[in-house]
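So in the numbering used here, spot 446 of the sequence shown is number 1928, and the numbers just go up one at a time.
Cβ coordinates follow ideal geometry from the N, Cα and C atoms, glycine included.
These figures come from a predicted structure and were not determined experimentally.
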Amino acid sequence: MSGFKRKAISGFFWQAFGLVGQQGIQLIANLLFARLLLREENGVVIAAIAILDYATLLRVSGILQAFVAYEGDDTETRHTVFWACLASGVAMSAALFFGAPLIASWLNSDGLTPVLRALSVMQLIDSIRIVPFALIWRHLRFKERTIAETVPFIAGLVAAVVGLAVLPREQRVYAVVWMYLVRSVGQALLFLYFEPYHPTAKFDWSFFRLISRRSVGVLAFNLPSSTLVSLPSIAVFGRAGEAAGGAFGLAAKLTAPATSLSYAANITLFPIFAQLKNDAEKLKASILRSLKGAAVLPIALLTFIIATAPELIPVVLGEKWRSAVPAARWIALAGIFQMYSFVLASVLLAASKTIYIIITWTSTLVLAAALLFFVPMVRGEALVGGQITAAYGAFGFVMSLGATSIAMRIPIGSILSTLVPASLSAVAAVAASLVAGAAVQHEAARLAIKTLAFGVVLLPACGILLGGSWRSLLTPKGLRELIGRN
1483 MSGFKRKAIS GFFWQAFGLV GQQGIQLIAN LLFARLLLRE ENGVVIAAIA
1533 ILDYATLLRV SGILQAFVAY EGDDTETRHT VFWACLASGV AMSAALFFGA
1583 PLIASWLNSD GLTPVLRALS VMQLIDSIRI VPFALIWRHL RFKERTIAET
1633 VPFIAGLVAA VVGLAVLPRE QRVYAVVWMY LVRSVGQALL FLYFEPYHPT
1683 AKFDWSFFRL ISRRSVGVLA FNLPSSTLVS LPSIAVFGRA GEAAGGAFGL
1733 AAKLTAPATS LSYAANITLF PIFAQLKNDA EKLKASILRS LKGAAVLPIA
1783 LLTFIIATAP ELIPVVLGEK WRSAVPAARW IALAGIFQMY SFVLASVLLA
1833 ASKTIYIIIT WTSTLVLAAA LLFFVPMVRG EALVGGQITA AYGAFGFVMS
1883 LGATSIAMRI PIGSILSTLV PASLSAVAAV AASLVAGAAV QHEAARLAIK
1933 TLAFGVVLLP ACGILLGGSW RSLLTPKGLR ELIGRN
């Protein structure tokens, strides 16, 4: 096994372990909130978190990645980054606190103001985390990063459970606030534990100007694609109401584990692609292998949602969320398109073909904004939001496919052929699941039968289509051999 592949596998498994663990813990929290909070309360929380995520993107995304990629010594420059991040944290916290009533008025939600104000302090807390986080990332310490990001999720879940137990019914929404605040503090403390950092009163203005210029470039690249993550939840919340926003957000959260796996693959594959960018043939071969193997598990999870959503959502989350089923199916389909789009974007970024990425994501963002804010939505229903998400997701995938083919000089047919193993096995598993559950009347039993049929067909089919045997994904030895082959 080559050094590149060994690094890719090790990094992917650490990232996947952390992200799946985080999403698993978050899923437990979501189940509790779905059961114990009203749809409208869930909608308020989801909108507030979407706004905070976007604020975090504006605050640190550019400077963080620019500092991680900085080619010079970080012994002194880290202090400049710390003070810049602290200042932006103070400014963003103040902007969210004092601007919360205006945002709530724009989105027609009185309940949003107190929640957004309570969570605004996270911007300040998170600014303390940035330098140690960047240093750990710069030195590829995936293990420490995984622990520092995942353990606070457990502490946050405990805080949420305590909040749900002790707060009065009308204040239970603040259990979510407790969870996010505890998680934010925990991550800051653990990153400081793994990478102790003591700021000093030093600020290098020349370095600040350099890193600011670079961060603007990084942000200009990240902004369109990252906006697409937060925009749908905010748009549905504002246009279709709090209940629809809650249903849409809950449906989107069901796809989070699969999204996390594709995110882990992107983080891992990017430096591998970057190191191969001067060897065109090796890079092309690596791209095609990665597209073939990295998609299997995320697509399996997303198509599982498509197959079982009519039973999964009401049985697990409660009958009041049945209206989220159609939106969940469309959002899962959108997740498949977006997963491939992000992997292809990593290829283009690693090969320094940034103009193709900017064109692709900017055009997709323009289409998404037009659809989300001008296509009529039904008050209280999330379906149209899900359909729109799938529509611009498909557009982004087609654009990414064409851009990668042109920029990397890889025939579109060669790229599409890598999608066959995951796609065919997923289609077969969905078909088996639907057929197996068709005659079962009891909803919970039907969910169990459909889940069993899905797994029984998916794993052997994937093993065969990836070049192994039907047992390859059923044993550790077979899995290792399959990874080595692909």
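Only exposed fits Ala1569, as fewer than 16 other CB atoms lie within 10 angstroms of its CB. Annotated as proximal: Ile1795 and Ala1806, with beta-carbon spacing under 8 Å. Here the segment 1811-1819 lies against the segment 1729-1741, with 3 or more beta-carbon pairs under 8 Å apart.
For Tyr1679 and Arg1861, the gap between their C-alpha atoms comes out near 50 Å. Close CB contacts of Leu1770 within its chain, under the 7 Å cut and outside five residues either way in sequence, are with Ser1896, Thr1900 (chain order).
By alpha-carbon distance to Cys1567, the top candidate from Phe1685, Tyr1675, Glu1763 is Phe1685. Distance from Val1655 to Val1597 at the Cβ level is roughly 6 Å; contact confirmed, criterion being Cβ atoms closer than 8 Å.
Listed in chain order, the alpha helix (DSSP H) runs fully inside the segment 1861-1918 are 1865-1890, 1894-1899, counting runs of at least 4 residues. Looking only at Phe1824, His1924, Leu1830, the smallest Cα-Cα distance to Gly1875 is reached by Phe1824.
Counting the other CB atoms within 10 Å of its CB gives Val1778 a total of 16 or more, which places it among the buried residues. When the beta-carbon positions are compared, Gly1645 and Tyr1662 stay at least 8 Å from each other. Shown here, Phe1549 sits in a helix according to DSSP, grouped into three states. Judged by beta-carbon spacing, Phe1564 lies beyond the 8 Å limit of Ala1630, meaning their Cβ atoms are not closer than that value. Distance from the CA atom of Leu1865 to the CA atom of Asp1556, rounded to whole angstroms, is 49 Å.
In the DSSP annotation of this structure, the continuous segment of the alpha helix (DSSP H) that includes Trp1619 starts and ends at 1612-1620. By alpha-carbon distance to Lys1802, the top candidate from Leu1518, Ala1885, Trp1496 is Leu1518. Here the segment 1604-1616 lies against the segment 1530-1541, with 3 or more beta-carbon pairs under 8 Å apart.
Between Gly1727 and Gly1525, the beta carbon gap of about 4 Å places them in contact (Cβ cut-off 8 Å).
Taking C-beta atoms under 8 Å as the contact rule, Ala1642 and Leu1594 fail to qualify, at a distance of about 19 Å. Taking a cut-off of 8 Å on C-beta distances, the segment 1545-1553 touches the segment 1615-1622, as three or more cross pairs fall below it. Note that the C-beta distance between Ser1715 and Leu1501 is not below 8 Å. The alpha-carbon of Phe1579 is positioned some 19 Å away from that of Gln1653.
For His1561, the secondary structure class from DSSP, reduced to helix, strand or coil, is helix. Counting C-beta atoms within 10 angstroms of its own C-beta, Arg1611 has 16 or more neighbours from the protein chains shown and is therefore classed as buried. Between Ile1841 and Phe1635 a beta carbon distance of about 36 Å is seen, past the 8 Å cut, so the two are scored as non-contacting. Here Glu1724 is near Glu1522, since their CB atoms are less than 8 Å apart. Here the C-alpha atom of Gly1720 lies approximately 47 Å from the C-alpha atom of Ala1762. The C-alpha of Trp1496 lies about 16 Å from the C-alpha of Ala1740. About 5 Å separates the CB atoms of Ala1600 and Val1659; that is less than 8 Å, so the two are in contact. Taken atom to atom, the span from the alpha-carbon of Ile1888 to that of Gln1757 is near 21 Å.
In summary, Val1917 is exposed, with fewer than 16 beta-carbon neighbours lying within 10 Å of its beta-carbon over all protein chains present. Apart from the 5 residues on each side of it in sequence, Leu1773 sits with its Cβ closer than 6 Å to the Cβ of Thr1900 in its chain, given in chain order. Within the same chain, and ignoring the five residues on either side of Asn1590 in sequence, the residues whose Cβ sits closer than 7 Å to its Cβ are Gly1720. By the criterion of a C-beta distance shorter than 6 Å, Ser1609 is surrounded in its chain by Cys1567, Leu1568, Gly1571, once the five residues flanking it on both sides are discounted. Of the other Cβ atoms in all chains shown, 16 or more fall within 10 Å of the Cβ of Ile1754; this residue is therefore buried.
Distance from the CA of Asp1592 to the CA of Leu1799, rounded to the nearest whole angstrom, comes to 26 Å.
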